[in-house]
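Undergrad: In the numbering used here, the protein residues as written are 152 to 342.
Submitted below is the structure of interest, expressed as structure tokens.
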Amino acid sequence: MKLLNEDDIDFISVGASFLSSGGGGDPYIGKKLVIQEIEKNGPIKLASIDEFSQNDLVVAIGGIGSPAIIIEKIPNGEEAEDAFLLMEHYLNKKISAIYPIEIGGINSLLPLAAASRVGLPVVDVDTMGRAFPEYHMTTLSIGGISASPFIVIDSMKNSCIIHTKNNLMAEKIARDSCNEMGGAAFYLPIQ
152 MKLLNEDDID FISVGASFLS SGGGGDPYIG KKLVIQEIEK NGPIKLASID
202 EFSQNDLVVA IGGIGSPAII IEKIPNGEEA EDAFLLMEHY LNKKISAIYP
252 IEIGGINSLL PLAAASRVGL PVVDVDTMGR AFPEYHMTTL SIGGISASPF
302 IVIDSMKNSC IIHTKNNLMA EKIARDSCNE MGGAAFYLPI Q
């Protein structure tokens with residue numbers, strides 16, 4: 152297991168800008184959030200997927216909605232923590248690790264801030280290799296892995312747990328929920 156410090160976050164932020172391909176939002180706010188959490192909680196543990204078993208609950212977390220709104224509604228970190236607690240309560244199982252759903256834009260960094268805040272490792276993987284516009288475009292989704300249950304939560308602790316037959320419908324319902332939550336929220340699909 153490797154430890155990520157502030158210097159690593161600078162490099163990840165530059166890579167996130169490059170891999171966003173013009174989407175995914177500016178990683179600057181995410182970088183600031185991660186550095187703030189590292190200053191409070193210490194380095195972030197970066198783990199290989201090989202360090203976990205099939206019984207471990209490893210979840211993705213990221214932002215959904217308009218990246219422009221995140222500039223106005225800057226996440227405070229509680230959204231991720233609340234999403235984790237809701238998922239653990241719902242599944243009656245502890246989360247073992249977090250992974251980024253995409254590498255690009257702010258969603259490269261939000262999982263790192265969340266991991267630092269809750270003391271969980273981040274798995275060195277992603278599901279797209281760049282920023283992407285919709286969840287059902289991930290390699291997991293293409294491989295037939297369901298995102299349900301899919302949690303959407305905002306800074307006011309409004310949340311919904313989504314169960315669908317396919318990930319395209321999960322994406323549509325999550326986006327509609329996000330719009331009702333002010334245009335920006337956190338999401339937590341199960342994998």
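Note that the Cβ used here is the ideal one computed from N, Cα and C, for glycine as well.
The structure presented is a predicted model; accordingly, all values stated were derived computationally and were not measured.
1) Give the C-beta separation of H287 and E322 to the nearest angstrom, bearing in mind that I take them to be a contact with Cβ-Cβ under 8 Å.
2) Alpha carbon to alpha carbon, what distance is there between A231 and H240?
3) Assign V185 to one of two classes, buried (16 or more other C-beta atoms within 10 Å of its C-beta) or exposed (fewer than that).
4) How would you call F301, buried or exposed, if buried means at least 16 neighbouring beta carbons within 10 angstroms?
5) For the putative contact between E188 and G228, defined by C-beta atoms under 8 Å, what is the C-beta separation to the nearest angstrom?
6) On the DSSP letters alone, give me the boundaries of the alpha helix (DSSP H) that P218 sits inside.
7) Is it buried or exposed, N156, if we count other Cβ atoms within 10 angstroms and call 16 or more buried?
8) The alpha helix (DSSP H) with I186 in it runs from where to where?
9) Using the Cα positions of K182 and S259, report the straight-line distance between them to the nearest angstrom.
10) Does K196 come out as helix, strand or coil in the three-state DSSP assignment?
11) Can you give the beta carbon distance from I215 to C311, rounded, assuming they're within the 8 Å contact cut?
12) Reducing DSSP to helix, strand and coil, say where F162 ends up.
13) Any chance you could list the alpha helix (DSSP H) runs of at least 4 consecutive residues sitting entirely within the stretch 235-310, in chain order?
TA: According to the data block:
1) 5 Å
2) 14 Å
3) buried
4) buried
5) 7 Å
6) 218-223
7) exposed
8) 179-192
9) 9 Å
10) strand
11) About 12 Å separates the two Cβ atoms, so there is no contact after all.
12) helix
13) 261-269, 290-293
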